[in-house]
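**Student:**
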Amino acid sequence: MTRNKKFLHLAALTAAATLYLTVTSHVAAETGNRNCGPRALVVDRLAQGYGETRQSMGLGTNNQMIEVFASSETGTWTITVTSPAGVTCLVASGQAFEELAEALPAPGNDA
């Protein structure tokens, strides 16, 4: 897959994740979803139970904080969304986390 295709794929996944996170956080807030809790408690459980630490973060819609936690030792990862009220919900998790530091291709070059 060329870099441009990878970038477009990543952009599409990011857009889908943002939409999912927005809907999930609203549903969780309204329904009392069990995958949600006070941020400090969720972060502590990710650290103690899985050895995960925050790897990246960003601001989503409605001032929601999106974070990626991962463990370089076990390869586990978790994506969370935190509302301005401090409620954190787990929205995705998995295995085989890899940290990447890829440079963007030069304009007009999809290699």
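Under mature numbering (1 follows the signal peptide of the UniProt record, and there is no 0), read the sequence shown as residues -28 to -1, 1 to 83, first letter to last.
Virtual Cβ for every residue (Gly too), placed ideally from N, Cα, C.
Note that the structure is predicted; figures quoted are calculated from it, not measured.
Look at the Cβ atom of Ile51, then the Cβ atom of Ala42, and state whether they are nearer than 7 Å.
**Tutor:** Taking the sequence shown and counting its residues from 1, the one referred to as residue 51 is at position 79. Taking the sequence shown and counting its residues from 1, the one referred to as residue 42 is at position 70. Taking 7 Å as the Cβ cut-off, Ile51 and Ala42 do not qualify as a contacting pair.
**Student:** Given Tyr56, which residues of its chain have a CB within under 8 Å of its CB, disregarding the five upstream and five downstream residues?
**Tutor:** The residue you call residue 56 lines up with position 84 of the sequence shown. Looking at the sequence provided, one finds Pro at residue 56 rather than Tyr. Result list for Pro56: Asn34, Asn35 and Gln36, in chain order.
**Student:** May I ask you to report which of helix, strand or coil DSSP gives residue 160?
**Tutor:** An answer regarding residue 160 cannot be provided, because it is not within the stretch -28 to 83 covered by the chain.
**Student:** Would you mind listing the beta strand (DSSP E) stretches within the stretch 27 to 77 that are 3+ residues and don't spill past its ends, in chain order?
**Tutor:** If we require 3 residues or more, the beta strand (DSSP E) runs fully inside the stretch 27 to 77 come out as 37 to 42, 49 to 54 and 59 to 66.
**Student:** From this set, Ala75, Gly58 and Ser28, which residue's C-alpha is nearest Gly9's C-alpha?
**Tutor:** What you label residue 9 is simply residue 37 of the sequence shown in a count that begins at 1. Among Ala75, Gly58 and Ser28, the Cα nearest to that of Gly9 belongs to Gly58.
**Student:** If you draw a straight line from the C-alpha of Ser44 to the C-alpha of Val14, how long is it?
**Tutor:** The residue labelled residue 44 in the question sits at position 72 within the sequence shown. The residue labelled residue 14 in the question sits at position 42 within the sequence shown. If I take the Cα positions, the gap works out to 19 Å.
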